[in-house]
Amino acid sequence: MHPTTHTDGPRPRKCPYCGGEFFRNSRGGRPRTYCSSRCRSAAFRARRTVPQPTPYAHELALIGQSVAARASLVSRAATLSEPAPPAEPLKAGLALQRDLDDYLAIAVREALERGASWSDIAELMPAGISSLKSRFSAAHAAQVLRARRARRPGTPSLLADQDQAVGHTPAAAAQDRAKERGALATALSHLHRRSGLSLRKLAADADLSASYVYRLMAAERFPSWTAVERIARSAGRSPADFLDLWHHAHGTLPDQPERPSHQEALAAFQGTVRGLHLAAGCPTADDVVHRIACCARWEQPLIGALLSTTGASSRTHHLRAETVAALATALCGDPARLKSRWDALQEAVPHPTLSAGAFG
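The opening residue of the sequence shown carries number 82 in the working numbering; numbering runs sequentially from there.
Structural data, given as structure tokens:
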């Protein structure tokens with residue numbers, strides 16, 4: 082004879098705050114959600130409290146930005162037209178692996194600080210709890226952080242003629258800096274491809290080592306302006322096309338004359354556009370125009386002249402502001418950045434004057 086199970090009567094509820102079981106009152110009114118007024122008040126305060134960052138949060142952000150920069154480097158190392166020196170892709174991969182290992186070490190401690198259990202972590206990683214505790218101990222995390230801090234420069238500022246390794250800028254600016262440096266490296270890489278020169282020949286003409294130029298194009302190193310000038314001239318390109326890219330990758334603003342002439346403002350505007358064009362992979366003028374939905378037919382030849390290696394049209398200032406903004410977007414650039422050059426060009430447009438003889 083099987084025992085009978087009674088299902089009638091109230092069932093216990095689980096308090097969402099403390100986890101304890103309780104029975105709801107059978108009296109009328111709104112049923113209780115929490116076991117006591119204390120738990121209800123504590124849950125209310127918890128919902129209104131802004132979570133505080135853990136001691137590992139800042140370091141985790143720094144390492145994450147370094148991982149992003151290293152991953153970009155690995156991608157570039159695999160796609161450069163001339164993969165020399167032979168060991169560079171391997172070195173890039175090993176550096177990325179080290180950053181990933183460090184990231185996991187700190188991410189585990191961050192998860193624990195925020196309330197995750199070792200069981201939660203074991204569900205995500207193919208290892209037992211005891212093995213994970215040994216591998217990702219607090220002592221190991223401290224060792225990782227000490228090693229990374231020792232490798233960082235003592236100051237976040239960057240000097241104009243000093244080569245710097247990628248991935249060690251402050252967390253707040255690291256992502257933007259990596260993006261800007263990636264744009265400069267991409268522009269140099271496309272310059273090399275369009276030049277028709279071998280990497281060794283381009284480097285020799287610029288009086289630089291092939292290994293160094295390779296690292297610049299792979300975004301592993303940040304070049305001095307002198308190095309950029311030499312590479313541009315060796316490839317038959319105006320260094321002005323790289324001035325805006327280099328300054329933003331360097332974290333500085335390009336120097337601008339207080340009252341530039343029309344030709345100076347036009348050259349600066351075209352240099353910025355052509356730099357963005359190189360960083361975007363040198364799409365054809367037709368492709369760029371096709372991406373600009375608001376581009377009028379009469380504006381198309383002006384944009385084509387801007388993207389060419391010859392001088393821009395003297396009528397460039399007739400382009401509409403919305404077309405200029407769309408041009409920056411089409412080249413994966415920042416419209417606000419191009420607008421400053423555009424505003425300077427508008428202010429420098431010469432206005433026709435009448436001689437005194439015109440009045441009789």
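Where a beta carbon is used, it is the ideal one built from N, C-alpha and C, also for glycine.
Quick caveat, the model's predicted, so the values are computed rather than measured.
Residue i, enclosing alpha helix (DSSP H) - first and last residue
i, result
"H398", "From DSSP, H398 is part of no alpha helix (DSSP H); its letter is neither H nor E."
"Y293", "A291 to M298"
"T23", "Since the first residue of the chain shown is 82 and the last is 441, residue 23 is not available in this structure."
"F323", "A321 to H331"
"T307", "W306 to S315"
"V405", "A402 to A411"
"D368", "A366 to R372"
"Y115", "Note, Y115: premise wrong, no alpha helix (DSSP H); not H, not E."
"R378", "Counting along the chain, R378 falls outside any alpha helix (DSSP H), and DSSP gives it neither H nor E."
"D424", "P416 to E428"
"A393", "No alpha helix (DSSP H) contains A393, which DSSP labels as neither H nor E."
"E444", "Outside the shown range of the chain (82 to 441) lies residue 444, about which nothing can therefore be said."
"A208", "Careful: A208 lies outside any alpha helix (DSSP H) and carries neither H nor E."
"R281", "L280 to D286"
C-beta contact flag for residue i and residue j at 9 Å
i, j, result
"P382", "S395", "no"
"G418", "D325", "In the sequence under discussion, the amino acid at residue 418 is Arg, which differs from the Gly named in the question. A contact, by the Cβ cut-off of 9 Å."
"A299", "A266", "yes"
"Y60", "A259", "There is simply no residue 60 to check, as the chain begins at 82 and stops at 441 in what is shown."
"A264", "A330", "yes"
"A386", "G352", "no"
"A197", "L177", "no"
"L269", "L289", "no"
"C363", "R275", "yes"
"G414", "A360", "yes"
Cβ-based burial, residue i [other Cβ within 10 Å; buried from 16]
i, result
"V430", "exposed"
"W423", "buried"
"L205", "exposed"
"A220", "exposed"
"G209", "exposed"
"L334", "exposed"
"H273", "buried"
"S212", "exposed"
"S215", "exposed"
"E261", "buried"
"H87", "Its pLDDT being 49, under 50, H87 is placed unreliably by the model, and nothing is read from it."
"S342", "exposed"
Spatial neighbours of residue i in its chain, beta-carbon cut-off 7 Å, leaving aside the 5 residues before and after
i, result
"H358", "L388 and L412"
"G174", "V155"
"L347", "A393, T397 and L426"
"C96", "F103, Y115, C116 and C120"
"I202", "V189, A192 and L213"
"P44", "Outside the modelled stretch of the chain, which goes from 82 to 441, sits residue 44, for which no answer is possible."
C-alpha distance - residue i paired with residue j, whole-angstrom precision
i, j, result
"L426", "F350", "7 Å"
"K282", "E301", "21 Å"
"S421", "T410", "15 Å"
"T236", "A124", "Bear in mind that the predicted position of T236 carries a pLDDT of just 32, short of 50, making it too unreliable to give a figure here."
"R372", "I187", "43 Å"
"G101", "P93", "10 Å"
"A366", "G356", "14 Å"
"L141", "F303", "24 Å"
"A168", "D182", "21 Å"
"C99", "S118", "12 Å"
"R113", "W199", "33 Å"
"R311", "S305", "10 Å"
"R229", "Q146", "13 Å"
"R378", "V369", "13 Å"
"T391", "K172", "40 Å"
"E194", "H399", "59 Å"
"A150", "R179", "13 Å"
"H139", "P207", "27 Å"
"S218", "S122", "36 Å"
"R126", "Q224", "37 Å"
"R340", "A284", "37 Å"
Chain-order list of residues whose beta-carbon lies under 8 Å from that of residue i (same chain, five-residue window excluded)
i, result
"C375", "R401, E403, T404 and A407"
"A53", "One cannot answer for residue 53 here, as it falls past the ends of the chain, which runs 82 to 441."
"R105", "P91, R94, P112 and R113"
"D242", "A caution first: D242 carries a pLDDT of 38, below 50, which makes its placement in the model too unreliable to give a value."
Neighbourhood of residue i by C-beta distance below 6 Å, restricted to the same chain and skipping five residues each side
i, result
"Y184", "I144 and V148"
"V309", "F323 and W327"
"V354", "L387"
The ligand HEM heavy atom lying under 8 Å from the CB of residue i
i, result
"D368", "Inclusion of the ligand HEM in the displayed structure is not the case, the ligand content being empty and no account of it being possible."
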